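Okay, structure first, notes after.
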Amino acid sequence: MENYLRVGIITATHGIKGEVKVYPTTDDMGRFKKLKQVYLDTGKEYLELEISGVKFFKQWAILKFKGIDNINDIEKYKGHDLLVTRENAVELEENEFFICDILDSQVVTDEGEELGILTDVMATGANDVYVVTRKDGSEVLLPSIKECILEVDPENKKILVHLMPGLI
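The working numbering numbers the first residue of the sequence shown as 33 and each following residue consecutively.
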């Protein structure tokens with residue numbers, strides 16, 4: 033399991049005083065108000081940043097970091113991930129999982145057929161869609177609904193599914 037979890041991606045600067053626009057990759061954008069620090073993946077290291085200000089505009093979080101007061105100090109990190117430690121991650125309810133913990137899971141049907149490997153989870157609005165890559169490289173898209181996803185076991189990297197008519 034990964035020790036760091038992505039909560040957002042810096043997409044642009046905001047103004048000239050070091051603020052950034054962040055595309056949230058978390059289900060709860062309001063959690064940025066509760067965060068005291070995040071880690072910036074610079075590509076070489078994880079740089080700890082203390083959050084000194086948070087505001088929201090449309091689908092974006094606008095963050096200000098302590099000690100970064102100039103657009104030039106942060107502009108080079110556009111496109112980089114903001115992370116939190118697993119210890120600072122949100123508490124999950126029963127049958128909730130972090131996507132990174134279920135990626136690369138073996139997907140098996142309720143009839144015992146090996147379907148493939150979970151390679152992506154797409155957020156579509158209504159429900160997530162699991163992208164399963166088969167041995168031949170083709171992909172199967174499975175809606176993340178209880179009628180289709182029967183059991184998820186992140187510790188053993190296994191997912192049991194029911195193939196509803198028309199999915200393949």
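Ideal Cβ placement from N, Cα and C applies to all residues, glycine included.
Please read these numbers as outputs of a predicted model, since none were measured by experiment.
* Asked: To which residues of the same chain is Y78 closer than 6 Å at the C-beta, ignoring the five residues directly before and after it?
  -> Y71
* Own chain, CB closer than 8 Å to G50, minus 5 neighbours either side, in chain order -> Here the set comprises K96, F97, I100, D101, N102, I103, D105 and I106.
* **Among D160, E171, K190 and E187, nearest to K178 - alpha-carbon criterion** => D160
* Asked: What first and last residue would you give for the alpha helix (DSSP H) that runs through D105?
  -> I103 to I106
* Which same chain residues, not among the five before or five after H46, have their C-beta less than 7 Å away from its C-beta? -> V52, K53 and I94
* Quick one, are the C-beta atoms of L67 and V139 less than 8 Å apart? -> Taking 8 Å as the Cβ cut-off, L67 and V139 do not qualify as a contacting pair.
* Asked: Name the DSSP bridge partner or partners of H46?
  -> E51
* Distance between V193 and Y55 (C-alpha atoms, nearest Å) -> 31 Å
* Asked: Where does S170 land, buried or exposed, given buried means 16+ other C-beta within 10 angstroms?
  -> exposed
* Anyone know if the C-beta pair for I191 and I200 falls short of 8 Å? -> no
* For I134, name the three-state secondary structure that DSSP assigns. => helix
* Asked: Apart from the five residues on each side of it in sequence, which residues of its chain come closer than 6 Å, Cβ to Cβ, to G120?
  -> Before going further, note that residue 120 is Asn rather than Gly in the sequence given. Within the same chain, no Cβ atom closer than 6 Å to the Cβ of N120 is found once the five residues on either side in sequence are excluded.
* To do: Report the partner residues of T141 according to the DSSP bridge assignment.
  => V193
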